[in-house]
Structures are given as C-alpha cells and as structure tokens.
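A quick write-up on the structure given underneath.
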Amino acid sequence: MSTKLFAKSLVTAAFLVCLIVLFMLGGCSGESAPTPEPPKVSVITVQPQSQALTTELAGRTQAFMVAEIRPQVGGIVQQRLFVEGAEVKAGQALYQLDAASYKAALAQAQASLAKARATLKSAQATARRDAQLAKIDAISQQDNEDAQASLLTAEAELQVAQADVDTARINLAYTRISSPVSGRIETSTVTPGALVVANQDSALTTVQQLDPMYVDVTQSTTELLRLKRDLASGVLQSNGEGEARISLKLDDGSLYAHEGRLKFSGVSVNEGTGTVTLRAQIANPDRLLLPGMYVRAVLEQARDDKAILIPQKAVTRSASGATSVLVVVNGKVEQRVLSIDRAVDNQWWVTAGLNAGDQVIVEGGQKVRVGDAVVAQNAGTRSRTQKATPVAIAQEG
Numbered sequence: 539m540s541t542k543l544f545a546k547s548l549v550t551a552a553f554l555v556c557l558i559v560l561f562m563l564g565g566c567s568g569e570s571a572p573t574p575e576p577p578k579v580s581v582i583t584v585q586p587q588s589q590a591l592t593t594e595l596a597g598r599t600q601a602f603m604v605a606e607i608r609p610q611v612g613g614i615v616q617q618r619l620f621v622e623g624a625e626v627k628a629g630q631a632l633y634q635l636d637a638a639s640y641k642a643a644l645a646q647a648q649a650s651l652a653k654a655r656a657t658l659k660s661a662q663a664t665a666r667r668d669a670q671l672a673k674i675d676a677i678s679q680q681d682n683e684d685a686q687a688s689l690l691t692a693e694a695e696l697q698v699a700q701a702d703v704d705t706a707r708i709n710l711a712y713t714r715i716s717s718p719v720s721g722r723i724e725t726s727t728v729t730p731g732a733l734v735v736a737n738q739d740s741a742l743t744t745v746q747q748l749d750p751m752y753v754d755v756t757q758s759t760t761e762l763l764r765l766k767r768d769l770a771s772g773v774l775q776s777n778g779e780g781e782a783r784i785s786l787k788l789d790d791g792s793l794y795a796h797e798g799r800l801k802f803s804g805v806s807v808n809e810g811t812g813t814v815t816l817r818a819q820i821a822n823p824d825r826l827l828l829p830g831m832y833v834r835a836v837l838e839q840a841r842d843d844k845a846i847l848i849p850q851k852a853v854t855r856s857a858s859g860a861t862s863v864l865v866v867v868n869g870k871v872e873q874r875v876l877s878i879d880r881a882v883d884n885q886w887w888v889t890a891g892l893n894a895g896d897q898v899i900v901e902g903g904q905k906v907r908v909g910d911a912v913v914a915q916n917a918g919t920r921s922r923t924q925k926a927t928p929v930a931i932a933q934e935g
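For the sequence shown, the tail end lands on 935 under this note's numbering, and the numbers increase by one without skipping.
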C-alpha cells in the first residue's frame with residue numbers, strides 16, 4: 539500500500555515539474571532574442587603627407603681626380619722618393635732623374651745669354667754712333683741702316699738666348715718629378731736605374747684623390763622621362779635644393795655614413811642600354827670608398843607633398859593581381875581598388891583609390907565582409923616624412 543502511494547507521489551511531482559517548465563518556456567517565448575553587437579575593427583585615417591621620391595640605381599665609385607705620373611724629360615731614375623700606398627701632397631717630389639746633362643745644358647744656355655747681351659751692347663753703341671755720323675753725312679745712309687738692323691738682330695738673339703735659358707731651367711726642374719694632385723699613390727712601375735723617356739706611354743705611377751669621391755650611376759630613359767613628366771604636370775615637386783641628395787648602400791648591404799649630392803646628368807643616351815649617366819659627389823674622409831667599388835645609390839629626385847601611405851598589412855590582392863583595401867564609410871564596410879606606386883618601409887604609396895579622411899581597416903578585416911556594420915576604432919596614424927624604398931610594382935587598373 540505504501541509503495542503504491544510513493545509511486546503515485548513521484549508521478550504527481552514529475553507532472554508539476556513539467557507544468558512549471560512549460561510555463562517558464564511559454565513566458566519567455568514572447569521576448570525577442572538580443573541583437574549581437576557589430577564587430578570592432580581597427581582603422582587608420584588617411585592623412586596626405588610630404589614624401590620624398592627616391593630611386594635606387596646601381597653604380598660604381600670613381601676617384602675625384604686621377605693623375606698618371608709620366609716623365610716630361612728623359613733620363614735615368616736615381617731615386618724613388620715616396621712610399622707606395624701612402625698619401626702624398628700636391629707638389630711633393632716622387633722621383634729624381636739624373637740631372638747632370640740638364641745642368642750642363644743650363645750652363646751652356648746661360649753662357650749663350652751672356653754672349654748675346656755683350657753682342658747687344660756692342661750693337662747698341664754702333665747704332666748710336668752711326669746714327670750721329672749719318673746726320674753729318676760722315677757715313678752713307680746704307681751703313682747707318684745696316685747698323686740699325688744689326689741692333690735689331692742682336693735684340694732678337696738676346697731674346698732667343700733668354701728663352702733657351704728658360705727652357706734649360708724648366709728641363710732641369712723636370713728631372714725632379716712631382717705629384718700634381720694630393721691623394722693616395724699606387725705602386726711604382728720603375729725602380730732606380732731604369733731609363734725613362736719624355737711622355738712615354740706607360741705611367742711611372744698613379745695618384746688618386748679619394749676625398750671627395752664620384753659615384754657614377756645609370757638611369758633608364760623611361761624612368762627619367764616619367765620623372766620629368768610628373769614634375770612638369772605638378773604631380774611631383776622638385777626638392778628645391780638645387781642638387782638632389784643621395785645615400786649609398788655598400789656591396790655588403792650596409793648604409794654609408796655620409797650623404798652626397800648629384801652634380802651632373804648626362805646629355806646623351808647610351809644607344810646600347812638606353813640609359814643616361816648620373817654623377818654624384820660624396821665625402822670620403824675615412825677612405826672607406828675605393829675607386830671601382832660597386833654601390834647602390836638611393837637618389838632623392840623629387841617630392842610629393844600630398845602622398846598617401848597605408849600599412850602593407852591592410853592591402854589584399856585578388857587572383858588577378860588587383861590590390862584593394864577595406865574602408866569604413868558611415869559605419870559599414872566598403873572595398874576600394876587601389877593603384878600602388880612603390881613600397882615605403884612597411885607601407886604602400888597609393889596613387890589612386892583613397893582620399894584624405896578615408897578610414898582604412900588595418901586589423902579585423904578578416905572577420906567582416908563588404909556591407910557589414912562595424913565599429914571603427916582608431917589604430918593611430920603615421921605622419922612623419924619617410925624616404926620611399928624604390929621597389930616599384932605594376933600599376934593596377
């Protein structure tokens with residue numbers, strides 16, 4: 539009896555629990571489900587800025603001045619007066635030739651000069667005397683004219699003798715061969731005892747001035763024409779400094795400590811390569827640069843005062859290669875197709891597709907689709923001027 543009563547009580551309790559659950563479910567069915575909040579995305583606000591336009595060009599260093607040392611008179615080399623590889627000054631003696639024959643030639647020329655002076659003195663006295671005698675008809679006019687002509691001849695012979703002395707003195711000075719420029723001297727091709735001749739084909743040595751240095755680079759005419767066209771149209775502005783600045787990347791990838799200036803742009807095009815030569819000048823106080831070194835010259839040629847730069851991580855590419863970004867407009871996601879010029883550090887330089895004030899999604903874009911409502915949170919903007927890394931990519935249509 540008690541067992542049946544207990545079972546009946548359990549059934550009644552279960553029935554009441556079901557009624558309570560149904561009542562609660564029924565009461566909640568009239569309430570609407572809460573609306574989920576729009577996802578949050580990080581954005582940057584596009585702010586045009588002044589941006590230097592740089593081009594990276596391959597080139598090689600050249601000595602500022604190169605002097606190949608050759609004798610201007612012949613003779614036997616008596617002494618080498620320098621240390622190979624050392625720095626020499628302009629005017630410093632490098633070689634001494636045997637000067638004996640040149641000293642003798644100078645002495646002979648000086649003797650001839652003294653003789654010419656004596657001859658001139660005699661001719662002057664004769665000319666004065668004959669001129670007075672001719673006035674009183676003591677001598678013929680012909681004799682007087684001959685005396686005056688002899689005087690002119692003596693004066694000319696004196697000038698010749700003086701020139702011979704000057705030439706002999708110059709040749710004697712040439713037996714001491716000096717450096718015409720300051721710089722670093724290379725190895726000598728001759729030793730004491732060698733016979734050299736005037737203006738011989740082979741140089742005795744070479745002196746190169748290494749501070750400053752030249753850097754010769756080549757630029758394609760296509761790039762040069764594009765730059766000039768953009769400058770003429772106002773898309774780009776000249777840097778206004780007269781001479782474009784350059785910086786160097788050495789062959790080991792390191793950045794050279796000193797900046798240079800563009801000094802010369804070629805006036806003709808290499809027909810074989812379609813390039814023009816640009817020459818820059820750069821300081822080299824530590825002699826780190828040597829002639830013939832391969833370098834990459836980063837040349838600042840112009841400036842865009844309204845450049846638009848966006849982080850590279852914000853840009854996506856389609857299967858066709860088109861670049862685009864997601865922007866937030868009135869709280870909703872839109873897609874913009876871009877034209878990109880080049881990389882600037884970790885950013886892209888955008889030439890079309892964005893305007894000042896646009897909010898570009900830089901984080902959270904993978905969680906949203908075009909047309910979705912989002913909450914934009916400012917990720918900060920970058921406004922400092924940078925130099926463009928010269929890595930051009932194809933223009934997107």
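Cβ atoms here follow ideal geometry from the backbone N, Cα and C, with glycine treated the same way.
Legend entry - Candidates R764, V836 and M751: closest to K787 by CA position: With respect to the C-alpha of K787, the residue from R764, V836 and M751 having the closest C-alpha is V836.
Inset, instruction - Tell me whether Q700 sits in a helix, a strand or coil according to DSSP, three-state version. - result: Helix.
Legend entry - S717 versus Q616: straight-line alpha-carbon distance, rounded: Their backbone Cα atoms lie some 17 Å apart in a straight line.
Inset, instruction - With DSSP collapsed to three states, give me the class of S660. - result: Collapsing the DSSP output to three states places S660 in a helix.
Inset, instruction - Can you tell me which of I614, P574 and P586 puts its alpha carbon nearest to the alpha carbon of V734? - result: If we check each option's Cα against that of V734, I614 comes out closest.
Inset, instruction - Give me the Cα-Cα distance between V805 and R618, rounded to the nearest whole angstrom. - result: Taking the straight line joining both Cα atoms gives about 43 Å.
Inset, instruction - Mark V913 as exposed unless 16 or more other C-beta atoms lie within 10 angstroms of its C-beta, in which case mark it buried. - result: With fewer than 16 Cβ atoms within 10 Å of its Cβ, V913 is classed as exposed.
Inset, instruction - Kindly confirm or deny that the segment 818-826 and the segment 850-869 touch, where touching means at least three C-beta pairs closer than 8 Å. - result: The segment 818-826 and the segment 850-869 do not touch, with fewer than 3 CB-CB distances between them shorter than 8 Å.
Legend entry - Neighbourhood of Q915 by C-beta, 8 Å cutoff - its chain only, sequence neighbours within 5 removed: Leaving aside the five residues that flank Q915 on each side, the residues in its chain whose CB is nearer than 8 Å to its CB run, in chain order, K578, V579, S580 and V581.
Inset, instruction - Would you check if the distance between the CB atom of M831 and the CB atom of D789 is smaller than 8 Å? - result: In this structure, D789 lies closer than 8 Å to M831 by Cβ.
Legend entry - Y978, DSSP secondary structure in three states: With the chain covering 539 to 935 only, the question about residue 978 has no answer from this structure.
Legend entry - Inter-residue CB distance, D749 and P823 (contact presumed, cutoff 8 Å): Right, the Cβ-Cβ distance comes to about 6 Å (below 8 Å), so this counts as a contact.
Inset, instruction - Going by DSSP, name the residue or residues bridged to R855. - result: R855 pairs with T861.
Inset, instruction - Return the CA-CA distance between T599 and L644, expressed in angstroms with no decimal places. - result: Each residue's CA atom was taken as its position, placing T599 and L644 some 45 Å apart.
Inset, instruction - Give the secondary structure of A914 by DSSP, where H, G and I count as helix, E and B as strand, and everything else as coil. - result: A914 falls in the strand class under three-state DSSP.
Inset, instruction - Give the straight-line distance between the Cα atoms of K844 and K905, rounded to the nearest whole angstrom. - result: CA-CA distance, K844 to K905, rounds to 32 Å.
Inset, instruction - Closer than 6 Å by C-beta to A654: which residues in its own chain qualify, once you throw out the five before and the five after it? Chain order, please. - result: Excluding positions up to five away in sequence, the list reads E695, L696 and A699.
Inset, instruction - Apply the 10 Å Cβ neighbour rule to S726 and answer buried if 16 or more other Cβ atoms are within range, or exposed otherwise. - result: Buried: at least 16 other Cβ atoms inside 10 Å.
Inset, instruction - Between the Cα of A706 and those of R799, A649 and I899, spot the shortest distance and give me the residue it belongs to. - result: Ranking R799, A649 and I899 by CA distance to the CA of A706 puts A649 first.
Inset, instruction - Compare the C-alpha of G798 against each of D754, A890, I848 and I715 and name the closest. - result: Of the candidates D754, A890, I848 and I715, the one whose C-alpha sits nearest the C-alpha of G798 is D754.
Inset, instruction - Spatial neighbours of A661 within its chain, please: CB distance less than 6 Å, with the 5 preceding and 5 following residues excluded, ordered by chain position. - result: Counting only Cβ-Cβ distances below 6 Å, and skipping sequence neighbours, we find S688, L689 and A692.
Inset, instruction - With DSSP as the reference, label D789 as helix, strand or coil. - result: In the structure shown, D789 falls within a coil segment according to DSSP collapsed to helix, strand and coil.
Inset, instruction - Classify K627 as helix, strand or coil using the three-state DSSP reduction. - result: Note: K627 maps to coil in three-state DSSP.
Inset, instruction - Spell out a yes or no on whether the segment 841-858 and the segment 872-886 are touching, meaning 3 or more CB-CB pairs, one atom from each, closer than 8 Å. - result: Output reads yes: the segment 872-886 touches the segment 841-858.
Legend entry - Beta-ladder partner(s) of N808, from DSSP: According to DSSP, residue pairing for N808 in a beta bridge involves T813.
Legend entry - From D702, T889, F802 and V814, residue whose alpha carbon lies closest to that of L763: For L763, the nearest C-alpha among the options comes from V814.
Legend entry - Spatially closest choice to N940 from R855, R907 and Q634, by CA coordinates: Lying before the first or after the last residue shown, residue 940 is absent from the chain, which here runs from 539 to 935.
Legend entry - Cβ contact check for the segment 601-608 and the segment 737-747: 3 or more pairs under 8 Å: Yes, the segment 601-608 touches the segment 737-747.
Inset, instruction - Quick one: residues in its chain with C-beta nearer than 8 Å to the C-beta of T759, no 5 flanking neighbours on either side, listed in chain order? - result: These residues qualify, in order along the chain: V807, G812, T813 and V814.
Legend entry - Spatially closest choice to Q738 from G895, W887, S792 and I607, by CA coordinates: Sorting G895, W887, S792 and I607 by C-alpha distance to the C-alpha of Q738 places I607 at the top.
Inset, instruction - Would you grab the beta carbon distance between V611 and Y640 for me? Rounded to a whole angstrom, and I think it's under 8 Å. - result: Between Y640 and V611 the Cβ distance is about 7 Å, and since that is below 8 Å, they are a contact.
Inset, instruction - Measure the Cβ-Cβ separation of N682 and A669 and say whether it is below 8 Å. - result: In contact: N682 and A669 (Cβ atoms closer than 8 Å).
Legend entry - Inter-residue Cα distance where the pair is L800 and G597: Distance from the CA of L800 to the CA of G597, rounded to the nearest whole angstrom, comes to 13 Å.
Legend entry - Which listed residue (R874, E901, G903 and A672) has its alpha carbon closest to that of N893: Checked all of R874, E901, G903 and A672; the closest Cα to N893 is R874.
Inset, instruction - Would you list the residues sitting across from I674 in a DSSP beta bridge? - result: The secondary-structure analysis by DSSP pairs I674 with nothing; it has no beta-bridge partner.
Inset, instruction - Work out the CA separation of A656 and I677 for me, nearest whole Å. - result: Rounded to the nearest angstrom, the two C-alpha atoms are 25 Å apart.
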